[in-house]
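Enquirer: Below is the structure I would like to discuss, written out as structure tokens.
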Amino acid sequence: MTPDCLFCKIAQGKIPATPVFSNDEIVAFRDINPQAPTHILVIPRNHITSIVDVDAADEALAGRLLRTAASIAKAEKIADSGFRLVLNCNKDGGQTVMHLHVHLMGGRGMAWPPG
Ligand code: 5GP
Ligand code: ZN
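Just so you know, this note's numbering puts -10 at position 10 of the sequence shown, and the rest follows in order with no gaps.
Given below as structure tokens:
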């Protein structure tokens, strides 16, 4: 838990969110400002600031974050049509919440390259 971290507070239930998945190490909830018909954030319960802060001890967790996102995509029935996973990192990457999160977006066609 990092004080004043929004996603730590969501993971602890101190700030409400619409839950999609939860286990002892991962929480997924709907983005408050969805950019696609399905827009879900998948986060570790423990505070990791960004993907560049994932160390060797977190490798398996990072893999489980991706597998969880894919599993949610299946449950949301967007796996066959396709979806996008996004990891924004730091300022130029567009990261605004400094707690590692995977965006799961789908339900519409995605443009490439992203903005
Ligand atoms: P980033 O820009 O850091 O990659 O993504 C942060 C995401 O968190 C944004 O898509 C934003 O809409 C979402 N977000 C910000 N505050 C909240 C909140 O209080 N609740 C939820 N559910 N999502 C949030
Ligand atoms: Zn945090």
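Here a beta-carbon is modelled for each residue, glycine too, at the ideal position from N, C-alpha and C.
1) Would you mind reading off the limits of the beta strand (DSSP E) that contains Ile20?
2) Could you round the C-beta distance between Ile58 and Gly87 to whole angstroms and report it? I think they count as a contact, below 8 angstroms.
3) Using a Cβ-Cβ cut-off of 6 angstroms (strictly less than) and excluding sequence neighbours within five positions of Thr18, which residues of its own chain qualify?
4) Count Cβ pairs between the region 12 to 26 and the region 71 to 84 that sit closer than 8 angstroms; are there 3 or more?
5) If I'm right that Ile23 touches Phe(-13) with Cβ under 8 angstroms, what's the distance once you round it to whole angstroms?
Expert: In terms of the structure at hand:
1) Judged by DSSP secondary structure, Ile20 falls within the beta strand (DSSP E) whose first and last residues are Thr18 to Pro24.
2) With 8 angstroms as the limit, Ile58 and Gly87 qualify as a contact, their Cβ atoms being about 6 angstroms apart.
3) Contacts found: Glu56, Ile58, Gly86 and Gly87.
4) Judged by Cβ distances under 8 angstroms, the region 12 to 26 makes contact with the region 71 to 84, as three or more pairs qualify.
5) The pair is a contact, with the Cβ atoms about 5 angstroms apart (cut-off 8 angstroms).
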